[in-house]
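Q:
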Amino acid sequence: MKPTKTVTRVEVRELDCRAIEEYGVPGVVLMENAGRAVAEEALKMLPTHDTKRVAILCGKGNNGGDGFVATRHLHNHGVGVKVFLLCKAGEVASSPDAYTHLKIVQKMGLPIKETPSQEEVKEILPQLKGFDLLIDALLGTGLTGEVREPYKTLVQGINATGTPILSVDTPSGLDCDGGHVLGAAVKATRTVTFILPKVGFFKDQGPAHVGELVVADIGIPRAGSRG
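The sequence shown begins at 8 in this note's numbering and counts up one residue at a time.
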């Protein structure tokens, strides 16, 4: 059932900007809150056996930054983690908040595998079947064009693993406004989205890709009376 309140990509961007510019909440703090929420949902999805392994699939933008935060929190909970990064680590510097959290993961000595090419993605796909959970932190709500390589190969590959998938904010490759697939899209077991559900989750192919929907509070200030 569609909730009474949903947002478009433009509206959610405005909420983010307002939190940062009007209220002074640093973007790196919002990312921390988002990543922690992802880790909490991941823990709920993991099996009960002692050995738990999670692969965190990260792009170079803010969606990937949420994944880096989740990596740290999962490791702190004793979960075996490995980051698969679809670019060279230095490219993440174009997203300063994400880069801050990537550097923390690097300093912790956690495993990071760079897979910037389609050939390298094909090589790691068999490894992903050995994990208990895949976290999709590849592409966020800002995506409007067709999913490009090597993302497309990875999206198609993880859909075929049969492993549970937790998507961050939106399933990668799903248009969050129209609900249509942008060439290829993750079919998530569960999606943890931030602030409010996105309107495209309830349109077209949205419901088939979002899976179970969880809405997480990341600390966006609520407007109140002044005076």
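Even for Gly, the Cβ is constructed at its ideal location relative to N, Cα and C.
Spatial neighbours of GLU18 within its chain, please: CB distance less than 7 Å, with the 5 preceding and 5 following residues excluded, ordered by chain position.
A: Taken in chain order, the list of residues that qualify is empty.
Q: May I have the straight-line CA-CA distance separating GLY218 from TYR106, to the nearest angstrom?
A: The alpha-carbon atoms of GLY218 and TYR106 are separated by roughly 29 Å.
Q: Excluding the five sequence neighbours on either side, which residues of its own chain have a C-beta within less than 7 Å of the C-beta of ALA100, listed in chain order?
A: Closer than 7 Å at Cβ, skipping near neighbours: TYR106.
Q: Does DSSP put VAL90 in a helix, in a strand, or in coil?
A: Three-state DSSP puts VAL90 in a strand.
Q: Here's a check: name, in chain order, each residue in its chain whose Cβ is nearer than 7 Å to the Cβ of GLU39, leaving out the five neighbours to either side.
A: So the list reads VAL76, once near-sequence residues are dropped.
Q: Let me know the secondary structure DSSP gives ARG60 once reduced to three states.
A: Correct three-state label for ARG60: strand.
Q: Do you know offhand how far ALA195's Cα is from GLY213's?
A: Distance between the alpha carbons of ALA195 and GLY213: 10 Å.
Q: With DSSP as the reference, please indicate the residues paired to VAL14 in a beta bridge.
A: Answer is LYS205, bridged to VAL14.
Q: At which residue ranges does the stretch 24-75 contain complete beta strand (DSSP E) runs of 3 or more residues, listed in the order of the chain?
A: Runs found: 60-65.
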